Amino acid sequence: MVDFNIYGKWGISKDEISAQLETFFTDEHEKMLEGVLEAKVEALVPGKILTGKIVERIGSDVIVEIGLKSEGVVDVSEFDDPEEIVAGKELEVLLEDMDAEGGMILLSKRKADRIRGWEKIISESKEGDVVNGKVTRRIKGGLLVDIGVPVFLPASQVDIRKPGDISRFIGQDIECKILKIDTENRNIVVSRRKLIEEERQSSKEKIISDIEVGQLRKGVVKNIADFGVFVDLGGLDGLLHISDLSWGRISHPSEVVELDQEIECVVIGVDKEHEKISLGLKQKQESPWENVAARYPVNAKIKGSVVNIMNYGIFVRLEEGIEGLVHISEMSWTKRIVHPGDMFHLGDEVEAVVLEVNKDKQEISLGIKQLEMNPWSVAAQKYPAGTVVTATITSLTNYGAFASIEPGIDGLIHISDLSWTKKFNHPSEAIEKGQQLQCVVLEVDESKQRVSLGVKQLTEDPWIRAIPETYLPGQVIKGNVTKITNFGVFVELEDGLEGLLHISELADHKIEKPQDVVKLGEELEVKILRVDTDSRKIGLSLRRVQWAAEDAAASEATDTPAESSSDSSSERRGGLEGGLLIDPGMIGDKED
Numbered sequence: 009m010v011d012f013n014i015y016g017k018w019g020i021s022k023d024e025i026s027a028q029l030e031t032f033f034t035d036e037h038e039k040m041l042e043g044v045l046e047a048k049v050e051a052l053v054p055g056k057i058l059t060g061k062i063v064e065r066i067g068s069d070v071i072v073e074i075g076l077k078s079e080g081v082v083d084v085s086e087f088d089d090p091e092e093i094v095a096g097k098e099l100e101v102l103l104e105d106m107d108a109e110g111g112m113i114l115l116s117k118r119k120a121d122r123i124r125g126w127e128k129i130i131s132e133s134k135e136g137d138v139v140n141g142k143v144t145r146r147i148k149g150g151l152l153v154d155i156g157v158p159v160f161l162p163a164s165q166v167d168i169r170k171p172g173d174i175s176r177f178i179g180q181d182i183e184c185k186i187l188k189i190d191t192e193n194r195n196i197v198v199s200r201r202k203l204i205e206e207e208r209q210s211s212k213e214k215i216i217s218d219i220e221v222g223q224l225r226k227g228v229v230k231n232i233a234d235f236g237v238f239v240d241l242g243g244l245d246g247l248l249h250i251s252d253l254s255w256g257r258i259s260h261p262s263e264v265v266e267l268d269q270e271i272e273c274v275v276i277g278v279d280k281e282h283e284k285i286s287l288g289l290k291q292k293q294e295s296p297w298e299n300v301a302a303r304y305p306v307n308a309k310i311k312g313s314v315v316n317i318m319n320y321g322i323f324v325r326l327e328e329g330i331e332g333l334v335h336i337s338e339m340s341w342t343k344r345i346v347h348p349g350d351m352f353h354l355g356d357e358v359e360a361v362v363l364e365v366n367k368d369k370q371e372i373s374l375g376i377k378q379l380e381m382n383p384w385s386v387a388a389q390k391y392p393a394g395t396v397v398t399a400t401i402t403s404l405t406n407y408g409a410f411a412s413i414e415p416g417i418d419g420l421i422h423i424s425d426l427s428w429t430k431k432f433n434h435p436s437e438a439i440e441k442g443q444q445l446q447c448v449v450l451e452v453d454e455s456k457q458r459v460s461l462g463v464k465q466l467t468e469d470p471w472i473r474a475i476p477e478t479y480l481p482g483q484v485i486k487g488n489v490t491k492i493t494n495f496g497v498f499v500e501l502e503d504g505l506e507g508l509l510h511i512s513e514l515a516d517h518k519i520e521k522p523q524d525v526v527k528l529g530e531e532l533e534v535k536i537l538r539v540d541t542d543s544r545k546i547g548l549s550l551r552r553v554q555w556a557a558e559d560a561a562a563s564e565a566t567d568t569p570a571e572s573s574s575d576s577s578s579e580r581r582g583g584l585e586g587g588l589l590i591d592p593g594m595i596g597d598k599e600d
C-alpha cells in the first residue's frame with residue numbers, strides 16, 4: 009500500500025509515483041507476490057503440519073514462529089523434556105485453530121509427533137513385526153505402549169500367565185509383536201505374550217530333549233497355588249508340589265518361596281510325551297527319615313511340640329521334618345476323649361512313647377497313655393469272674409447298659425443279663441442313667457478292654473429249681489393276658505414269669521385271631537402242659553381246662569358209681585396229653 013499524501017508533501021504527484029512503480033514492479037513481479045500470498049494462506053489451514061522455530065517461552069506457553077512473521081502457541085506440557093524448549097530450535101507442529109479476532113494461532117507438537125510417528129510405523133512396520141516401546145499408562149482392558157505412537161496392549165496379551173496387577177509394567181521398556189494395524193482408525197494392537205510364547209517354544213524343545221531325572225535345574229517362580237509352585241525353567245514350566253518343598257510341615261507354599269524368586273530344584277519326574285516336569289526342593293537335602301529307627305527306637309520316651317490337631321489325634325514334631333501321630337485311642341487309659349483339642353493345644357510340649365516306626369511310609373506312632381501303668385493289666389486279678397461290684401450306670405443303649413466300676417474301667421450289662429425271667433425291650437425299663445447297683449463280674453477281657461457284668465446273676469437261676477418245683481405239668485393255674493400275637497397269647501403267671509398259650513390251645517375249633525377268644529388283661533384259668541427248663545418256656549392250654557370242666561359236669565349229670573368214676577379219672581380229656589377223647593354217652597353204654 010502506498011500513502012500518496014506523504015509524497016504530495018514532497019511535491020511529487022500521484023501519476024509520477026504510479027509511473028515510477030510500474031517501472032520497478034512488472035506483471036511478473038505482481039504474479040509472484042500473489043503466489044506467495046496464496047501459499048501463505050494455504051499453509052495456515054487447521055490440520056496442517058508446519059515447520060516452525062521456537063521464539064521464546066512465556067509462562068506455560070511456548071511461542072513458535074511458523075513463517076511470514078506468523079507466530080503460534082504450543083502448551084509447555086506437550087514437551088516431554090523441558091530442556092527441548094530452546095530459542096531457535098526447529099520443530100514440527102500441527103495447526104489446530106486460528107483465532108482471527110485475537111490473532112492467536114493454536115499449535116500442537118504432540119499431535120504432529122503422533123502423525124509423523126504413525127506415518128513412520130505404517131511405512132516401516134507391518135503386522136507380525138517386533139517393536140520396542142515404553143508402557144506409559146493403564147487404560148480400560150490393558151496398557152498403552154509408546155512405540156513412536158500410542159498402541160494398545162490388551163491385558164490378556166501381557167504375559168503367558170495371568171499377570172495379576174498389570175500396573176507394575178508402567179514405566180518399563182518392553183518388546184512386543186504387532187498383531188493388528190487399523191489404518192482407517194489409526195489403531196495398532198500389540199502382544200507381548202505372543203513373543204514370549206514363540207521364544208519359549210524354541211527353548212522348550214531343547215529342554216525336553218536334554219532334561220533327565222536327578223538333574224539340578226534353575227528356574228523362576230511364576231505362580232503359587234495352594235497345592236504347589238509353578239517354576240519357569242526357561243521355556244517349560246515344572247510343578248513343585250507342596251509336599252516336595254520341605255521335609256517339614258508347611259501350610260502354604262508361600263512360606264518357602266515367593267513370586268519371581270529364582271530357585272534351584274531337583275528334577276524328580278519327567279513325562280516327555282505330555283511335557284510335564286516334576287520338581288523337588290527338599291530333595292537337595294538328605295531325608296531326615298534316614299536312620300530314623302535308630303534315633304527313635306520303639307518304647308523310647310521322646311518330647312516334642314504339637315503342630316496339628318485332628319479329630320482322630322495330634323501330630324507331634326520331634327525334629328524338623330519328623331512328626332509322629334498320637335492317636336486319640338493312645339492318649340488315656342481311663343478318660344473318654346471326645347476330641348484331642350479338649351486336652352491339647354497347638355504349641356504344647358508333650359512327652360510320649362514310641363510305639364511303631366515305619367520308614368517307608370514315613371510314619372511314627374506315639375502313645376501318651378503308655379507313660380502310665382495300664383489299669384487293664386491288673387483288672388483280671390482285681391475283678392475275677394464272680395466278684396460282686398457296685399457300679400454306676402453311665403449310658404444306655406438298645407443292647408444294654410454301660411456301668412463304671414472305677415475310673416477308666418467300664419463294664420457292659422447286656423439286656424439279657426438284667427433278669428432271669430423278665431424280657432425287656434430296652435434297658436431303660438429296668439435301670440436308669442446315674443443309678444448305682446450291684447453287679448456280678450462275668451468276664452474280663454484284657455486285650456479288648458472289656459468287662460461283662462450281670463445283675464440277674466446275683467440270684468440263683470429260678471429255672472434250675474424254683475420254677476420246675478413250683479409249676480408242674482397238669483396243674484391248673486390262673487394268670488393275666490399280657491400280650492397277644494398272631495401265634496398265641498402270653499399269660500403272666502407271676503411277676504416276671506410268663507407262659508405261652510399257643511393259638512392251637514385256645515379252643516377245639518380253629519381260631520384265626522387270638523383276640524377273638526381272649527382280651528388283653530383278662531384273667532384266665534389255664535393248664536400247664538410242659539415246663540422246658542432248657543429253652544426256659546412254659547406251655548399252657550385253655551381248651552384242656554374247658555375239657556376238664558365239661559367232664560366234671562358230665563359226671564355230675566349221670567348217676568355213676570364211685571368206682572367207675574375213679575377208674576375213668578385217668579382218662580379225662582383234661583389230661584396233659586389230651587387223654588382219651590371219650591364221649592359221656594359211651595360211658596353209660598359200658599356200665600349197662
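Count the sequence shown with the working numbering and you get residues 9 to 600, in order. For each residue, glycine too, the CB sits at the ideal point set by N, CA and C. What you are looking at is a predicted structure, and each value in this text was computed from that prediction instead of being measured.
Coarse secondary structure for residue i, derived from DSSP in three states
| i | result |
| --- | --- |
| V463 | coil |
| F177 | helix |
| I519 | coil |
| P305 | coil |
| D69 | strand |
| K202 | helix |
| K185 | strand |
| A570 | Confidence at A570 is low in this model, with a pLDDT of 44, below 50, so its placement is unreliable and no value can be given for it. |
| K431 | coil |
| R458 | strand |
| T478 | helix |
| R225 | strand |
| R538 | strand |
| I168 | coil |
| D469 | coil |
| Q446 | strand |
| S78 | strand |
| V526 | coil |
| E506 | strand |
| D88 | coil |
Same chain, Cβ closer than 7 Å to residue i, neighbours up to 5 away in sequence not counted
| i | result |
| --- | --- |
| W126 | V157 and R194 |
| I417 | P383, A387 and V459 |
| E86 | S116, K117 and R118 |
Neighbourhood of residue i by C-beta, 6 Å cutoff - its chain only, sequence neighbours within 5 removed
| i | result |
| --- | --- |
| V237 | V229, L248, P261 and V265 |
| G329 | W255, G256 and P296 |
| S259 | none |
Residue i versus residue j - alpha carbon distance
| i | j | result |
| --- | --- | --- |
| I423 | S436 | 10 Å |
| R65 | R145 | 28 Å |
| K535 | F498 | 13 Å |
| G332 | G408 | 37 Å |
| S211 | G243 | 5 Å |
| K431 | R544 | 12 Å |
| P162 | G149 | 6 Å |
| D252 | H347 | 31 Å |
| G312 | V358 | 6 Å |
| E500 | V396 | 31 Å |
| S68 | R122 | 22 Å |
| G96 | Q180 | 33 Å |
| E294 | S164 | 42 Å |
| L532 | E468 | 29 Å |
Residues near residue i in its chain [Cβ-Cβ closer than 8 Å; skip 5 each side]
| i | result |
| --- | --- |
| E79 | V63, I71, V72, E73 and I113 |
| I168 | R201, I204, E205 and R208 |
| V361 | N307, A308, K309, I310, L374, G375, I376, Q378 and L379 |
| L115 | L58, G60, V72, I74, G80, V81, V82, V101, L102, L103 and E104 |
| I345 | I336, M339 and M351 |
Residue burial classification, residue i (beta-carbon count within 10 angstroms, cutoff 16)
| i | result |
| --- | --- |
| A120 | buried |
| L88 | In the sequence under discussion, the amino acid at residue 88 is Asp, which differs from the Leu named in the question. Flag for D88 reads exposed. |
| R176 | exposed |
| D105 | exposed |
| L287 | buried |
| P392 | exposed |
| L528 | exposed |
| E92 | exposed |
| R473 | exposed |
What beta strand (DSSP E) runs, 3 residues minimum, are completely inside the region 235-316? 236-240, 245-249, 270-279 and 284-288
Would you list, in sequence order, the uninterrupted beta strand (DSSP E) runs of no fewer than 3 residues that lie entirely inside the region 322-366? 330-335 and 357-366
In chain order, each alpha helix (DSSP H) run of at least 4 residues that lies wholly inside the region 99-163: List check, alpha helix (DSSP H) in window: 117-132.
Where are the beta strand (DSSP E) runs, 3 residues long or more, that stay fully inside the region 401-431, in chain order? 408-414 and 417-422
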